[in-house]
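The opening position of the sequence shown corresponds to residue 377 in this note's numbering, with each subsequent residue numbered one higher.
In this text, a Cβ means the ideal position worked out from N, Cα and C, and glycines have one as well.
Please read the structure below before turning to the comments.
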Amino acid sequence: MKKVAITNQKGGVGKTTTAINLATAVALAGVRTLLVDLDPQANVTSGFGVVRPGLDSNIYAALIGDKPLSEIIVKTDVPHLDLVPSGIDLVGAELELASIEGRESRLKNALATLTEPYQFIFFDCPPSLGLITLNALNTADSVIIPIQCEYYALEGLTQLTRSIEYIRERFNPALQVEGIVFTMYDGRSNLTRQVREEVEKHFYGKTYRNWIPRNVRLAEAPGFGKPGVVYDPQSVGARAYKLLADEFLQNNGIRIYQNEPPAEIINQPAGVA
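Written out as structure tokens, the structure reads:
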């Protein structure tokens, strides 16, 4: 079981879109996958059409309370993909965690109770480097960093890698950078190409070959409670995420050609998973 945190302290870089669509594309390859929504905004949760008022509990109950994580997991409409939902009550978790002994290990302890044989667990982290993100990085084996090719990208990436190094030294020596993925990519822009070249130079061997373009269909999909790779599998954005999933799987020793989502999944109306 490999645990991967998807994080960037800068908002608006496609972090949650990457978490939803990468996890979905990996699951559609037949790989048992769990996606954990650690963001109080719960965009991953709503992105799968899971109605928050209808949930008995969410990740907050596992981090702060004593509820086993296995009782919080919900099935999604995507084969082989389960979800640990989030909710607005996670907003107060940072303050509550601050007074709890072993606060940086709450997520790790919660995952230790899992009995399901997941091959990959993805964490969608909040856009900050607070205690919730610390829990994810302390638990994860590796980190995927989505970045947008803009002026401040390198500065933010440098800050994040310093934070990862700090966590590696203090809490999780095995933590590695899985890869850096370029999102909202516009190959026509000189700035985009320049930023990509600079990132590849400073983080040689850590950038994914496949990048994610700007795509209207990816932006529309959450409104229908579906991942983009299911909402419109033939869109440019969906195909990009399937290629990224193939690259991710190959990097982890799994060579599976991505299948299209089953027709019944594509046509199914959004609702409570």
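| query | result |
| --- | --- |
| Would you report the Cα separation of T568 and Y561, rounded to the nearest angstrom? | 7 angstroms |
| Take the Cβ of E572 as the centre, count every other Cβ of all protein chains shown within 10 Å, and call the residue buried at 16 or more, exposed below. | Reading the sequence as shown, one finds Arg at residue 572 and not Glu. With 16 or more other Cβ atoms within 10 Å, it is buried. |
| For the alpha helix (DSSP H) containing G555, name the first residue and the last one. | Careful: G555 lies outside any alpha helix (DSSP H), inside the beta strand (DSSP E) at Q552 to T559. |
| Between V467 and I448, is the Cβ-Cβ spacing less than 8 angstroms? | no |
| What's the gap between the Cα of A474 and the Cα of G506? | 10 angstroms |
| Inspect the CB distances between the segment 613–628 and the segment 387–407 and report whether three or more fall short of 8 angstroms. | yes |
| Is the beta carbon of I540 less than 8 angstroms from the beta carbon of V380? | no |
| So, for G387: in the same chain, excluding its five sequence neighbours on each side, which residues have a beta-carbon less than 8 angstroms away from its beta-carbon? | P503 |
| Which value, in whole angstroms, describes the spacing of the CA atoms of G604 and L471? | 34 angstroms |
| When the distance is taken between beta carbons, is C525 closer than 8 angstroms to Q382? | For the record, residue 382 in the displayed sequence is Ile; it is not Gln. Contact flag unset, no. |
| In the structure shown, what three-state DSSP assignment does F547 receive? | coil |
| If I measure Cβ to Cβ from Y436 and keep anything under 7 angstroms in the same chain, skipping five residues before and after, which residues do I get? | G463, D465, L466 and A469 |
| Does DSSP put D622 in a helix, in a strand, or in coil? | helix |
| With a Cβ-Cβ cutoff of 8 angstroms, do W587 and V557 count as a contact? | yes |
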